[in-house]
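Q: Numbering (mature numbering (1 follows the signal peptide of the UniProt record, and there is no 0)), first residue to last: -24 to -1, 1 to 193. The beta carbon of each residue, even a glycine, is placed where N, CA and C say it ideally should be. From a predicted model like this one, the values you see are computed outputs, not experimental measurements.
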Amino acid sequence: MKTVLSAIAVSVVAFLSMTGASWAQRKAEPGTFDYYVLSLSWSPTHCAKNQGDSDPDQCGVERKFGFIVHGLWPQYSNGGYPATCTRDRTVPRAVVDATMPVMPSVGLIVHQWTKHGTCSGLPVTDYFAQVRKAFAKVNIPEALQAPKPDLSIPATQVERLFVQANPGLEPESVALVCSKRDVAEVRLCLNKDLSFMPCGAKVVDRCRRDALLTAAP
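(1) Give a yes or no on whether the C-beta atoms belonging to Cys175 and Glu135 are separated by under 8 Å.
(2) Going by C-alpha to C-alpha distance, which of Leu164, Phe104, Gly93 sits closest to Thr60?
(3) State the DSSP-derived secondary structure class of Ala151, mapped to helix, strand or coil.
(4) Could you check what DSSP says for Thr92 in three-state terms: helix, strand or coil?
(5) With 16 other CB atoms within 10 Å as the buried threshold, where does Val179 fall?
(6) Can you say whether Gly55 is buried or exposed, counting buried as having 16 or more other CB atoms within 10 angstroms of its CB?
(7) Quick one: grab the DSSP three-state call for Thr190.
(8) Hey, Ala191 and Pro20: beta-carbon distance below 8 Å or not?
(9) Measure the beta-carbon distance from Gln51 to Phe9 and round it to whole angstroms, keeping in mind my assumption that it falls under 8 Å.
(10) At what residues does the beta strand (DSSP E) containing Ala24 begin and finish?
(11) With burial defined as no fewer than 16 other Cβ atoms inside 10 Å of the residue's Cβ, what is the status of Pro77: buried or exposed?
(12) Leaving out the 5 sequence neighbours to the left and right, which residues in its chain are closer than 8 Å to Arg65 when beta-carbon positions are compared?
(13) Which runs of the beta strand (DSSP E) at least 3 residues long sit entirely within the segment 119 to 190? Give them in chain order.
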């Protein structure tokens, strides 16, 4: 009896492994996803967190960025997301140059293409055109457009300012991510046509109650 049960168990595991692998493969097909998450990184938090190991293009002495694009990520409604759908790591120089004003790091551009862009179903040129178009669609609140020495805004107010500045954007379409008590990212959920939509599962606020957005964390 034990031998029979063991054989059945092995068969079940093998079946689950095969079906699980094919399910994952289907889910990782480029272009097969439900919506985008546009992640906007608050550059002062990023640069302060990565002192000594930061990209001079983004964090050099003369670089005073506010919100920049961290990524435009294909997402599943159930909370998962596809990643590294192909092995392509090639981003043409012209695409890099066109994208640097909104994503000011060559390393970040290449990483985002490899991990997320390859799952968009778009050629590299079109994907980064979509990145720039998504960023251009968002109105950065006036108070948050550039770091100021006396800037100190509660995370809850940051979300409110984004909603007020963007017609059609609802609180359900925004999620804030913090590093300890510092606002690090604002994530906005977009349909494939880049219109605002409610976020899917697991795209939620990740900030302490006392979290702040400041110019120099």
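A: Answer, in terms of the structure:
(1) In the sequence shown, the residue the question calls residue 175 occupies position 199. In the sequence shown, the residue the question calls residue 135 occupies position 159. Cβ atoms of Cys175 and Glu135: not closer than 8 Å.
(2) One-based indexing of the sequence shown puts residue 60 at position 84. The shortest Cα separation from Thr60 among Leu164, Phe104, Gly93 belongs to Gly93.
(3) If you number the sequence shown from 1, residue 151 lands on position 175. Here Ala151 sits in strand by DSSP.
(4) For the purposes of this step, residue 92 is taken as the residue at position 116 of the sequence shown. According to the sequence shown, residue 92 is His rather than Thr. Correct three-state label for His92: coil.
(5) Start at 1 with the first residue of the sequence shown, and residue 179 comes out as number 203. Buried is the call here.
(6) Taking the first residue of the sequence shown as position 1, residue 55 is located at position 79. With fewer than 16 other Cβ atoms within 10 Å, it is exposed.
(7) Within the sequence shown, numbered from 1, the residue matching residue 190 stands at position 214. It is a strand residue.
(8) One-based indexing of the sequence shown puts residue 191 at position 215. One-based indexing of the sequence shown puts residue 20 at position 44. Yes, the Cβ-Cβ distance between Ala191 and Pro20 is below 8 Å.
(9) For this step, residue 51 is matched to residue 75 along the sequence shown. For this step, residue 9 is matched to residue 33 along the sequence shown. Confirmed, Cβ separation roughly 6 Å.
(10) Numbered from 1 along the sequence shown, position 48 holds the residue referred to as residue 24. First-last for Ala24: 19 to 25, but that is the alpha helix (DSSP H), not the beta strand (DSSP E).
(11) Taking the first residue of the sequence shown as 1, we reach residue 77 at position 101. Burial call: exposed.
(12) On the sequence shown, residue 65 is found 89 positions in, with the first residue counted as 1. So the list reads Val86, Trp89, Thr90, once near-sequence residues are dropped.
(13) 128 to 130, 150 to 155, 158 to 166, 188 to 190
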